[in-house]
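Asks: Per my numbering, the sequence shown starts with residue 285, numbered consecutively.
Positions of the beta carbon are idealized from the N, C-alpha and C atoms, including for glycine.
Before anything else, here's the structure in question.
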Amino acid sequence: MTLGHLDVIERAAGLFDEVHVVVVHNPGKAALFPIAQRVTLLEQSLSQAKIAGNVVVTSWSVGLLVDYCTDVGAKVLVKGVRSQVDVTYETPMAIVNRNLAGIETVFLLPDPAHAHVSSSLVRQVASLGGDVSPYVPAAVADYLAKTELP
285 MTLGHLDVIE RAAGLFDEVH VVVVHNPGKA ALFPIAQRVT LLEQSLSQAK IAGNVVVTSW
345 SVGLLVDYCT DVGAKVLVKG VRSQVDVTYE TPMAIVNRNL AGIETVFLLP DPAHAHVSSS
405 LVRQVASLGG DVSPYVPAAV ADYLAKTELP
């Protein structure tokens with residue numbers, strides 16, 4: 285989780301009555317930590333940032349994300365996009381999500397201070413012993429500092 289993710293969550297919480305932050309397995313990416321650990325770090329990060337109230341943190345591993353949306357009655361997916369590359373990647377999924385379940389997708393741009401930061405970049409910096417604290421919430425930076433990375 286990066287500060288860009290936190291920024292998007294905070295702004296989404298200001299736009300919607302309830303926001304579900306759903307940690308999922310992405311078969312296209314090798315996750316650094318198991319889902320349960322990612323949920324814990326997310327909860328700690330939101331608590332430290334004093335983002336709560338209307339934010340629900342959960343995980344989903346059965347079926348499509350739109351299935352989760354249908355189960356909880358969500359009508360909108362919020363996706364953070366850093367650049368046109370992200371928009372190009374996310375647009376076909378947004379169309380399929382609308383076709384499959386009538387779920388709309390809203391793209392939010394991160395604060396420009398975080399637009400260059402990706403989870404892959406953070407992983408690379410951390411694995412080489414660099415300081416990731418400018419890019420991630422304190423809970424994540426602390427955890428990464430204590431964890432031996434592959």
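1. Buried or exposed: His-309, going by 16 or more other Cβ atoms within 10 Å of its Cβ?
2. Taking buried to mean at least 16 other C-beta atoms within 10 Å of its own C-beta, is Thr-342 buried or exposed?
3. Under DSSP, the beta strand (DSSP E) around Leu-384 begins and ends at which residues?
4. By Cβ distance below 6 Å, which residues in the same chain neighbour Val-401 in space, the five residues on each side in sequence not counted?
5. Whole angstroms is fine: what's the gap from Glu-294's alpha carbon to Phe-317's?
6. How would you call Asn-381, buried or exposed, if buried means at least 16 neighbouring beta carbons within 10 angstroms?
7. Compare the Cα-Cα distances from Val-406 to each of Thr-389, Tyr-427, Leu-349 and Asp-395 and report the closest residue.
8. In angstroms with no decimal places, state the Cα-to-Cα distance between Ala-320 and Val-356.
9. Counting Cβ pairs, one atom from each stretch, are 3 or more of them under 8 Å apart for the region 359 to 377 and the region 326 to 342?
10. Cβ atoms of Leu-392 and Ala-296: under 9 Å apart, would you say?
11. Quick check on DSSP: helix, strand or coil for His-398?
12. Does the distance from the C-beta atom of Val-350 to that of Ala-385 stay below 9 Å?
13. Once the 5 residues before and after Val-409 are set aside, which same chain residues still bring their CB inside 6 Å of it?
14. Find the nearest neighbour of Gly-312 within the set Val-390, Tyr-373, Pro-434 and Gly-413, judged by alpha-carbon distance.
15. In chain order, what residues of the same chain have a beta carbon less than 8 Å from the beta carbon of Ile-335, not counting five sequence neighbours either side?
Replies: For this structure:
1. Taking the sequence shown and counting its residues from 1, the one referred to as residue 309 is at position 25. Under this definition His-309 is an exposed residue.
2. For the purposes of this step, residue 342 is taken as residue 58 along the sequence shown, with counting starting at 1. Result: exposed.
3. By 1-based counting over the sequence shown, the position of residue 384 is 100. Annotation for Leu-384: no beta strand (DSSP E) segment contains it, though the alpha helix (DSSP H) segment containing it runs 368 to 385.
4. Along the sequence shown, read from residue 1 onward, the residue named residue 401 stands at position 117. Cβ within range, chain order: Thr-286, Gly-288 and Tyr-419.
5. Against the sequence shown, residue 294 aligns to sequence position 10. Against the sequence shown, residue 317 aligns to sequence position 33. Rounded to whole angstroms, Glu-294 and Phe-317 show a C-alpha spacing of 23 Å.
6. Start at 1 with the first residue of the sequence shown, and residue 381 comes out as number 97. Asn-381 should be labelled buried.
7. Stepping through the sequence shown from its first residue, residue 406 is reached at position 122. Comparing Cα-Cα distances from Val-406 to each of Thr-389, Tyr-427, Leu-349 and Asp-395, the minimum goes to Tyr-427.
8. On the sequence shown, residue 320 is found 36 positions in, with the first residue counted as 1. On the sequence shown, residue 356 is found 72 positions in, with the first residue counted as 1. So the two alpha carbons sit approximately 20 Å from each other.
9. no
10. Walking along the sequence shown from the start, residue 296 turns up at place 12. Walking along the sequence shown from the start, residue 392 turns up at place 108. Result yes, Cβ atoms of Ala-296 and Leu-392 sit closer than 9 Å.
11. Mapped onto the sequence shown, residue 398 falls at position 114. It is helical.
12. Here residue 350 refers to the residue found at position 66 of the sequence shown. Here residue 385 refers to the residue found at position 101 of the sequence shown. It is a contact, given that the beta carbons lie within the stated cut-off.
13. On the sequence shown, residue 409 is found 125 positions in, with the first residue counted as 1. Once the five neighbours on either side are set aside, the close Cβ partners of Val-409 are Val-416.
14. To locate residue 312, count along the sequence shown from 1; it is residue 28. With distances taken between Cα atoms, Gly-312 lies closest to Tyr-373.
15. Position 51 of the sequence shown, counted from the start, is the residue given in the question as residue 335. For Ile-335, where only same-chain residues beyond five positions count, the Cβ hits under 8 Å are Leu-290, Ile-293, Glu-294 and Ala-297.
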